[in-house]
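Structure first, then comments.
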Amino acid sequence: MLKYSGYNSYLLKFIFLYLFVSIRAGYSQKLPPVHNFSIKDYKAGNQNWGITESDGYLYVANNEGLLEFDGLAWRLYTLPNKTIIRSVVVHDSKIYTGSYEEFGYWEKSDTGELVYTSLVPTLEDNEIETEAIWGIFPLEDRVIFKSFAKIYIYKNNKTITLNPKATLNVGVLMNNTFYVSMSGKGIFTLKGESFELVKGTDKFKNYKIRAILPYGEDELMIGTSLNGCFVFKEGEFKKWEHPVNEILKEHQLNTISYNKGSKLFFGTIKNGLYVVDEEDGSYYNLNIDNGLQNNTILASTISKDNLLWLALDNGVSATPINYPAYYLNPSKQNIGAVYDVVSLNNKTYLATNTGIYKIDERGINFIKGSQGHTWDLFVCDDEVICGHNLATYSIQNDRLTTISHRNGGYTFIPVPTVANTFIQGNYGGISIFTKKGRIWTSLRIRDINFPVKQIVFEQPHIIWLAHAYKGVYRVQLSADYLTVKSIEAYHNNTLLNPYDIRLYKIENDIAFFSKGQWFVFNSIEKKIEPFVSLNNILGPYNSAFPISDTNKSPYVFKDKDDNIFLRNKLQDSTSQVFIPNRYYNNLLVNKYEKAIVINDSLTYILLYNNVLAINQKKINKQLNVHPPRIERVFVNKTPQSIKGDFSLKSKDTLSVEVSIPFLSNNSIVYKLSQDASKTWKPSNGKMEFYNLPYRNIEMQLKTLTASSNSSNNDTKLSFYVKPPWYMGFYGVLAFICVLLITLYIISTINNYVLIKHKKYLDDQFLHEQELLRKEEALNHEKKLNEFQKKQHVRELNAKTKELANTAMAMTKKNELLLSLKNDLLFFKNEVISKHEFNKLIKTLDKNIDNVKDWEVFESNFNQIHESFFKTLLEKHPDVLTPKDLRLCAYLKLNLSTKEISPLMSISPRGVEIHRYRLRKKLNLSTNQNLNEYLMNIS
Numbered sequence: 001m002l003k004y005s006g007y008n009s010y011l012l013k014f015i016f017l018y019l020f021v022s023i024r025a026g027y028s029q030k031l032p033p034v035h036n037f038s039i040k041d042y043k044a045g046n047q048n049w050g051i052t053e054s055d056g057y058l059y060v061a062n063n064e065g066l067l068e069f070d071g072l073a074w075r076l077y078t079l080p081n082k083t084i085i086r087s088v089v090v091h092d093s094k095i096y097t098g099s100y101e102e103f104g105y106w107e108k109s110d111t112g113e114l115v116y117t118s119l120v121p122t123l124e125d126n127e128i129e130t131e132a133i134w135g136i137f138p139l140e141d142r143v144i145f146k147s148f149a150k151i152y153i154y155k156n157n158k159t160i161t162l163n164p165k166a167t168l169n170v171g172v173l174m175n176n177t178f179y180v181s182m183s184g185k186g187i188f189t190l191k192g193e194s195f196e197l198v199k200g201t202d203k204f205k206n207y208k209i210r211a212i213l214p215y216g217e218d219e220l221m222i223g224t225s226l227n228g229c230f231v232f233k234e235g236e237f238k239k240w241e242h243p244v245n246e247i248l249k250e251h252q253l254n255t256i257s258y259n260k261g262s263k264l265f266f267g268t269i270k271n272g273l274y275v276v277d278e279e280d281g282s283y284y285n286l287n288i289d290n291g292l293q294n295n296t297i298l299a300s301t302i303s304k305d306n307l308l309w310l311a312l313d314n315g316v317s318a319t320p321i322n323y324p325a326y327y328l329n330p331s332k333q334n335i336g337a338v339y340d341v342v343s344l345n346n347k348t349y350l351a352t353n354t355g356i357y358k359i360d361e362r363g364i365n366f367i368k369g370s371q372g373h374t375w376d377l378f379v380c381d382d383e384v385i386c387g388h389n390l391a392t393y394s395i396q397n398d399r400l401t402t403i404s405h406r407n408g409g410y411t412f413i414p415v416p417t418v419a420n421t422f423i424q425g426n427y428g429g430i431s432i433f434t435k436k437g438r439i440w441t442s443l444r445i446r447d448i449n450f451p452v453k454q455i456v457f458e459q460p461h462i463i464w465l466a467h468a469y470k471g472v473y474r475v476q477l478s479a480d481y482l483t484v485k486s487i488e489a490y491h492n493n494t495l496l497n498p499y500d501i502r503l504y505k506i507e508n509d510i511a512f513f514s515k516g517q518w519f520v521f522n523s524i525e526k527k528i529e530p531f532v533s534l535n536n537i538l539g540p541y542n543s544a545f546p547i548s549d550t551n552k553s554p555y556v557f558k559d560k561d562d563n564i565f566l567r568n569k570l571q572d573s574t575s576q577v578f579i580p581n582r583y584y585n586n587l588l589v590n591k592y593e594k595a596i597v598i599n600d601s602l603t604y605i606l607l608y609n610n611v612l613a614i615n616q617k618k619i620n621k622q623l624n625v626h627p628p629r630i631e632r633v634f635v636n637k638t639p640q641s642i643k644g645d646f647s648l649k650s651k652d653t654l655s656v657e658v659s660i661p662f663l664s665n666n667s668i669v670y671k672l673s674q675d676a677s678k679t680w681k682p683s684n685g686k687m688e689f690y691n692l693p694y695r696n697i698e699m700q701l702k703t704l705t706a707s708s709n710s711s712n713n714d715t716k717l718s719f720y721v722k723p724p725w726y727m728g729f730y731g732v733l734a735f736i737c738v739l740l741i742t743l744y745i746i747s748t749i750n751n752y753v754l755i756k757h758k759k760y761l762d763d764q765f766l767h768e769q770e771l772l773r774k775e776e777a778l779n780h781e782k783k784l785n786e787f788q789k790k791q792h793v794r795e796l797n798a799k800t801k802e803l804a805n806t807a808m809a810m811t812k813k814n815e816l817l818l819s820l821k822n823d824l825l826f827f828k829n830e831v832i833s834k835h836e837f838n839k840l841i842k843t844l845d846k847n848i849d850n851v852k853d854w855e856v857f858e859s860n861f862n863q864i865h866e867s868f869f870k871t872l873l874e875k876h877p878d879v880l881t882p883k884d885l886r887l888c889a890y891l892k893l894n895l896s897t898k899e900i901s902p903l904m905s906i907s908p909r910g911v912e913i914h915r916y917r918l919r920k921k922l923n924l925s926t927n928q929n930l931n932e933y934l935m936n937i938s
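If you want it as structure tokens, here you go:
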């Protein structure tokens, strides 16, 4: 006999409940996007206790104070005592907050800052010891503050205290009546300054009530922590009938928000958010596994722009209500990057870099045996053709069958004019596939030996191929598509980047997107040129490129900032739907961005680890276009009035911060009245200006939608840029004074300069006179020197002539005496006695070699050639004899051997011998001339 334990019994109940919920309530896997804000974003505490929205601003009660979010920027405001804020609500343009032993309100100042006013001083006893305010409820002319023990009612600048002698849980306002639950008692209404039990609510005295909210016609929904939800009307309670009610008991309900007639939002402590659609009863769960950053929801609110905001135990999150998009992988199972999606027989197949996944009513599951990179999926009849890294497969009944060993199938498309024939681009080139019945055959087309990523038909037998890595080719195929007739490379065109070319067929034109620009193939001139008409059609979006099949509508484009926009018609920008990248967290697959148009109301955007399904018909309904709001204005970091009418200097730095509602598909543009171009410039919400001109300036801001619609009203900020002080009255006066003083100084300086210049001229004149006198004296002295020099030359010439004459006379005399001597020698024995004869010969010899004649000659020679002997002796010391010096002197006078012979009383032969010996003493080489050598000695 089989016995069931309590655990088994519980397990069976849970399984039954799961099946019941799945079948009965239609548990939905179609989850909207979730936008998470962590402490890194808002820079405050992790826990957020209360949350509310008013006029486009979000206010959050945080551990560190009050958080304000304007749609673009977060700001934190702290209480004077730095305590935790537990509750927040907006009423009559005031933000009321409650904290420990503190409550009051915040108001915006002219500078946009929130300024706090405490209401504790308005208490009668001015005391609020050990109490924290957990709820705030504006009621007509009163504001009710609720702690766990007391009620504080603020009215006309006075606050009274009510003590019901019970633990107060939650409260709610309905039909101008304040309801509050009291532990162990039930639910009460506030009547004046007393409490009245709501009939029948004593049944809840032992339940921990976590939420009370208006529901239906004069109904209240009561949400308990562990006992589910109930509906109260006219004194009667009934259990709220929905499968989620049982789930809430398990996961500890904490808060409820209600979008009347649409959806209920249940925040839990343990498992995030449950959203129930009242129209069809379906629901879904958002938790940490599929989008939320934390499973504990402490508070929630619905904004006027249909966003559900969640205050979490760690962070803040937002999710759209009735959002026309959902994820195919809501559990965020790690499936990898998605490259393709197809649907067949109520099943959706995902091609990813990890394999193939199937989505059906049972969820998302991996197809066995499909491990590996999958590039492409194509539905053919009742099977899915898969281009895989390993081969080409057919998927039938979730089983893979190999139909070709061609691996790396990037793309698989039908041949336009031949039934059941397909062409595939793969790692090895291109292949032709043919289907006959259930049999597939494939043949590789020769002469294409490179990986082909894209194939586009220009004509039935002319195709364009995009190389997986480099270039594009135009290929003409044979009639049977099995051989290549011609192939031309077009990537050498300087217009294209061969490593980054996207290939398209757009309205019968072969188009290329490269270098962020559009180009087209001119089939007449067979060349690639700029695609002017498409650039004009796309206008400011001409740097975007399609990521969907351009043969289907709508066209899906991706711009340079990774945003996506859809156009039903290429030429119609008014049909454009803009999807900011924050909707899919910038998760497009880089270099392989892809969107798949299923029909006119459903488009898939392929992402890393997911697929975003978009209903373009619903998303096209734009919200009202709100004008930008001015949040802060600073001049040199000093706050200014956000209303304008302030002044600054040109050298000052003007900073302006603006905002638009969160998750709007819009952008901010601005212009300044002083800007001559008058063009609108984009802004990211923060602007800074320097060196503005001196004048009144008006800044205009407006909101611009993706379809170029703008807000009806512009936001304006006026201010005055003051000229510098020196351009005002006192500046002009100071300028005149400075000018007069300057003129006086200039005049004084000029006079001083003139006097000094006159003195300088006088001194210069005297100096020039002195120079002239000295010059004349110098000239006179020069002339005198020249005269003396000439006189000296004349004297020198005369002495030279005299010396020559002396030498000649000495020569003649010696010649005569020698001749006479010779004659006497001839008559030696015939005339006189020998004694007399010898005496006469001695006399002649004495006169021939007369030393005195030589001394006279030497004296005259030294007067003409003063340093000759000195220089000669210095150059040749201890070598030359007096006789050598005499020969040198005669040679210096350029006398010939014949002339020298009688002067030295030797024969001409003796002179030659003496010359030869002199050359040796002077160390002259054979090629040196003795006369020239002596002539050159000064």
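Numbering (full-length UniProt numbering) for the sequence shown: 1 to 938. The beta carbon of each residue, even a glycine, is placed where N, CA and C say it ideally should be. What you are looking at is a predicted structure, and each value in this text was computed from that prediction instead of being measured.
When we look at the beta-carbon of residue i and count the other beta-carbons within 10 Å, is it buried (16 or more) or exposed?
i	result
A479	exposed
E488	exposed
R629	buried
Y752	exposed
A44	buried
E874	exposed
F513	buried
S87	buried
H780	exposed
H767	exposed
Measuring straight from C-alpha to C-alpha, what distance separates residue i and residue j?
i	j	result
G26	K260	In this predicted model, G26 has a pLDDT of only 47, less than 50, meaning its place in the structure is not dependable; the value taken from the coordinates is given anyway. When rounded, the distance between both Cα atoms is 21 Å.
P877	E786	37 Å
V793	S938	16 Å
V120	I85	15 Å
S548	V597	7 Å
T881	L778	47 Å
S317	I297	10 Å
E219	F232	6 Å
N536	G272	49 Å
Y154	E124	11 Å
I23	D280	Low confidence applies to I23: its pLDDT is 35, below 50, so where it sits in the model is not reliable, and the reading given next is rough at best. Straight-line Cα distance between these residues: approximately 13 Å.
residue 947	L602	Coverage of the chain is limited to positions 1 through 938, which leaves residue 947 absent and any answer about it impossible.
L934	F765	56 Å
K238	C229	9 Å
Which first and last residues belong to the beta strand (DSSP E) in which residue i is found?
i	result
I403	399 to 404
H35	35 to 37
residue 948	With the chain covering 1 to 938 only, the question about residue 948 has no answer from this structure.
D509	509 to 514
K651	Careful: K651 lies outside any beta strand (DSSP E) and carries neither H nor E.
Going by beta-carbon coordinates alone, are residue i and residue j separated by less than 8 Å?
i	j	result
T301	I697	no
E688	L740	no
F557	P546	yes
L76	I95	no
Y604	V589	no
G186	K208	no
N563	N581	yes
query = Does the pairing of the region 306 to 324 with the region 358 to 375 give three or more beta-carbon distances under 8 Å?
reply = no
query = Three or more beta-carbon pairs under 8 Å between the region 443 to 459 and the region 422 to 429, yes or no?
reply = yes
key: At least 3 beta-carbon pairs within less than 8 Å: the region 650 to 663 vs the region 303 to 311   = yes
query = With contact counted as at least three CB pairs below 8 Å, one residue from each stretch, are the region 108 to 120 and the region 165 to 174 in contact?
reply = no
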